[in-house]
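Numbering of the sequence shown is given in this note's numbering, commencing with residue 482 and proceeding in unit increments. See below for the structure under consideration.
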Amino acid sequence: MPGAVVTGWGIAVPDKVVTNEDLSARLDTSDQWIAERTGIRERRIGGTTAELAIGAGRAALARAGRTGDDVDVLVLATSTPDALVPGTSATVQEGLGVRGGAFDVNAACSGFVYALVVAHGLVLAGAKRVLVIGSETLSQITDWDDRSIAVLVGDGAGAVLLEATDGPGQLLAWDLGADGSLRHLLKCDHGGYLYMNGKEIFRHAVRVIVESSQKALAKAGLQTSDVDLFIPHQANARIITAASQRLGIPDDRCVVTIDRYGNTSSASIPLALADALETDRIRPGALVLLSGFGGGMTWASAVLRWGG
Ligand code: UT7
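Okay, structure coming up:
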């Protein structure tokens with residue numbers, strides 16, 4: 482059976498940096514509260530979901546030495562589509578000149594890992610190259626007068642190109658989960674703003690990251706001590722610390738980028754993955770654990786052996 486390996490990756494973030502001080506100037510909040518309670522110091526704001534996705538997709542294709550014409554399927558994870566219909570992937574398909582199919586996946590902040598698992602399935606079903614993008618403009622559904630949400634969110638996109646290989650693929654195991662009875666905890670109705678019950682989400686988030694990571698590792702016959710790099714969804718530095726401590730993964734094996742980008746939902750894991758690759762934290766053969774959670778609630782983990 483063909484496997485799949487990541488041959489390219491890239492990101493796109495808006496130029497505009499909004500610091501905690503910028504927010505403190507117009508909201509009843511402070512750099513100290515935001516940094517201590519969330520780990521966020523600044524975020525990028527601007528652009529459309531399609532623009533950011535095209536930027537990240539273009540960078541991933543360039544790194545792999547490919548063009549849109551080489552892509553069989555484009556899978557775009559987003560919970561902030563530019564329109565209800567058509568899918569934002571339509572704009573991205575045209576922008577990148579993708580030859581094959583294109584569709585959106587909405588599994589909130591777990592979306593990128595869901596899309597990555599789906600993309601591996603497409604390769605097993607015969608696709609040669611699948612472009613996977615997580616892109617979000619949470620700023621578009623944020624009430625900028627509500628300090629409980631405004632300090633948390635950021636915009637951005639990250640992408641990977643998956644290519645079929647005859648050798649072993651990178652994906653060793655995965656776990657996807659959902660519990661719709663918790664969907665009231667994080668939501669945005671048509672035309673409304675993002676609402677979140679932060680405390681409840683926090684509690685469930687730590688539990689589902691730990692359980693889902695352990696399930697995926699167990700399926701691969703591995704343990705947390707085998708993990709070279711843990712790349713969790715970036716929603717709150719305290720969630721990341723609590724989850725990695727429970728998993729027994731030391732800080733130096735955990736990627737944290739929330740300080741620079743805030744919570745970018747389905748873009749957070751590919752942004753963190755690209756950061757780890759750019760800083761040489763992922764070498765061929767490294768065992769990488771991705772784990773996301775978010776609205777739905779949904780959760781998703783993937784265990785990858787880098788390099789295939
Ligand atoms: O992407 C996936 C989904 N999202 C998440 O995973 C987010 C999960 N939740 C969280 O990250 C945290 O719950 C938050 C960062 C959202 C909130 O942190 P918290 O430690 O749970 O704070 P809290 O909501 O319990 O609020 C504590 C206090 C409250 O004041 P009182 O009632 O103690 O007087 C809030 O009104 O902090 C106040 N507060 C703020 N103060 C300054 C809430 N937001 C702010 C703010 N600046 N921005």
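Glycine included, every Cβ here is placed at the ideal spot set by N, Cα and C.
Distance cut-off 7 Å: A686 Cβ against heavy atoms of the ligand UT7: Looking up residue 686 in the sequence shown gives position 205. A686 Cβ: within cutoff of the ligand UT7.
Test item: CB-CB of P765 and L605 under 8 Å: Walking along the sequence shown from the start, residue 765 turns up at place 284. Walking along the sequence shown from the start, residue 605 turns up at place 124. No, the pair does not count as a contact, with Cβ atoms beyond the cut-off.
Keeping to the same chain, check which residues put their C-beta closer than 6 Å to that of V554; ignore five residues upstream and five downstream. Taking the first residue of the sequence shown as position 1, residue 554 is located at position 73. The answer, listed in chain order, is G581, G582, L603, A608 and V611.
Complete runs of the alpha helix (DSSP H) confined to the segment 637-718 [at least 4 residues]: At a cut-off of 4 residues, the continuous stretches assigned as alpha helix (DSSP H) that sit fully inside the segment 637-718 are 679-700.
Using only the alpha-carbon positions, how far apart do R544 and W490 sit? Here residue 544 corresponds to residue number 63 of the sequence shown, with the count starting at 1. Here residue 490 corresponds to residue number 9 of the sequence shown, with the count starting at 1. Their backbone Cα atoms lie some 7 Å apart in a straight line.
At a threshold of 7 Å, does L770 count as lining the ligand UT7 (C-beta to nearest heavy atom)? As a working note, residue 770 is residue 289 in the sequence shown. For the ligand UT7, not one heavy atom lies less than 7 Å from the Cβ of L770.
Rounded separation between G536 and D551 - CA only: The residue you call residue 536 lines up with position 55 of the sequence shown. The residue you call residue 551 lines up with position 70 of the sequence shown. Approximately 17 Å between the Cα atoms of the pair.
Taking Cβ to Cβ, would you say A600 is nearer than 8 Å to A493? Working through the sequence shown from its first residue, we reach residue 600 at position 119. Working through the sequence shown from its first residue, we reach residue 493 at position 12. Between A600 and A493, the C-beta gap is not smaller than 8 Å, which leaves the two residues out of contact.
Among T559, A723 and G576, the one whose alpha carbon lies nearest that of L542: Working through the sequence shown from its first residue, we reach residue 542 at position 61. The residue with the shortest Cα to Cα distance from L542 is G576.
Within the present structure, is the beta-carbon of L633 separated from the nearest heavy atom of the ligand UT7 by less than 7 Å? Taking the sequence shown and counting its residues from 1, one reaches residue 633 at position 152. Yes, the beta carbon of L633 sits closer than 7 Å to at least one heavy atom of the ligand UT7.
Quick check: the Cα distance between D647 and R684, rounded to an integer number of angstroms? Taking the first residue of the sequence shown as 1, we reach residue 647 at position 166. Taking the first residue of the sequence shown as 1, we reach residue 684 at position 203. If I take the Cα positions, the gap works out to 42 Å.
Round the Cβ separation of S746 and A589 to the nearest angstrom and send it over; I've been treating them as touching at under 8 Å. In the sequence shown, counting from the first residue as 1, residue 746 sits at position 265. In the sequence shown, counting from the first residue as 1, residue 589 sits at position 108. So it is a contact: roughly 6 Å between Cβ atoms.
Which runs of the alpha helix (DSSP H), 4 residues or longer, sit entirely within the segment 513-577? 530-545 and 569-577
Could you please give the first and the last residue of the uninterrupted alpha helix (DSSP H) stretch that includes I492? The residue labelled residue 492 in the question sits at position 11 within the sequence shown. No alpha helix (DSSP H) contains I492, which is instead part of the beta strand (DSSP E) from G484 to A493.
Less than 8 Å between CB atoms is the rule here; does K497 satisfy it with respect to chain C? The structure shown has no chain C; it contains just one protein chain.
Alpha carbons only, please: which of D740, R741 and P495 is nearest the one belonging to E617? Counting from one through the sequence shown, the residue named residue 617 turns up at place 136. Among D740, R741 and P495, the Cα nearest to that of E617 is on P495.
Out of N587, R539, V613 and A718, which has the shortest C-alpha to C-alpha gap to P751? For the purposes of this step, residue 751 is identified with residue 270 of the sequence shown, where counting begins at 1. Here the closest residue by C-alpha is V613.
Which first and last residues belong to the alpha helix (DSSP H) in which D756 is found? Locating residue 756 in the sequence shown gives position 275, counting from the first residue. Here the alpha helix (DSSP H) through D756 covers S749 to E759.
Taking the CB atoms as reference points, tell me whether S662 and H714 lie closer together than 8 Å. Within the sequence shown, numbered from 1, the residue matching residue 662 stands at position 181. Within the sequence shown, numbered from 1, the residue matching residue 714 stands at position 233. With a cutoff of 8 Å on beta-carbon distance, S662 and H714 are scored as not near each other.
Which stretch, first to last residue, makes up the alpha helix (DSSP H) that contains L633? Residue 633 sits at position 152 when you count from the first residue of the sequence shown. Per DSSP, L633 lies in no alpha helix (DSSP H) and is assigned neither H nor E.
Is it the case that the segment 723-731 contacts the segment 658-674, given that we only count it when at least three CB pairs across the two stretches are under 8 Å? Verdict: no, contact absent.
Euclidean distance between Cα positions of E502 and L657: As a first step, residue 502 is located in the sequence shown; it is residue number 21 there, counting from the start. As a first step, residue 657 is located in the sequence shown; it is residue number 176 there, counting from the start. Roughly 38 Å separates the two Cα atoms.
List the whole-angstrom C-beta distance separating G743 from L667, where the pair is believed to meet the contact cut-off of C-beta under 8 Å. Sequence index remark: in the sequence shown, residue 743 carries index 262 (1-based). Sequence index remark: in the sequence shown, residue 667 carries index 186 (1-based). Actually they do not touch by this definition, with Cβ atoms about 16 Å apart.
How should R786 be labelled, buried or exposed, when 16 other C-beta atoms within 10 angstroms of its C-beta is the threshold for buried? Translated into the one-based positions of the sequence shown, residue 786 becomes position 305. Classification for R786: buried.
Compute the beta-carbon to beta-carbon distance between R734 and L710, rounded to the nearest angstrom, for a pair I have assumed lies under 8 Å. Residue 734 sits at position 253 when you count from the first residue of the sequence shown. Residue 710 sits at position 229 when you count from the first residue of the sequence shown. L710 and R734 do touch by the CB rule: their CB atoms are close to 6 Å apart, below 8 Å.
Using only the alpha-carbon positions, how far apart do E681 and S694 sit? Residue numbering aside, residue 681 sits at position 200 when the sequence shown is read from its first letter. Residue numbering aside, residue 694 sits at position 213 when the sequence shown is read from its first letter. Rounded to the nearest angstrom, the two C-alpha atoms are 20 Å apart.
For D707 and Q651, I'd like the C-alpha separation in whole angstroms. Taking the sequence shown and counting its residues from 1, one reaches residue 707 at position 226. Taking the sequence shown and counting its residues from 1, one reaches residue 651 at position 170. Distance between the alpha carbons of D707 and Q651: 15 Å.
Near the ligand UT7: L667 beta-carbon under 7 Å from a heavy atom: Counting from 1 along the sequence shown, the entry for residue 667 is found at position 186. Yes, Cβ of L667 sits closer than 7 Å to a heavy atom of the ligand UT7.
Can you name the residues that DSSP bridges to N587? Here the question's residue 587 lines up with position 106 in the sequence shown. For N587, which the question treats as bridged, DSSP gives no partner whatsoever.
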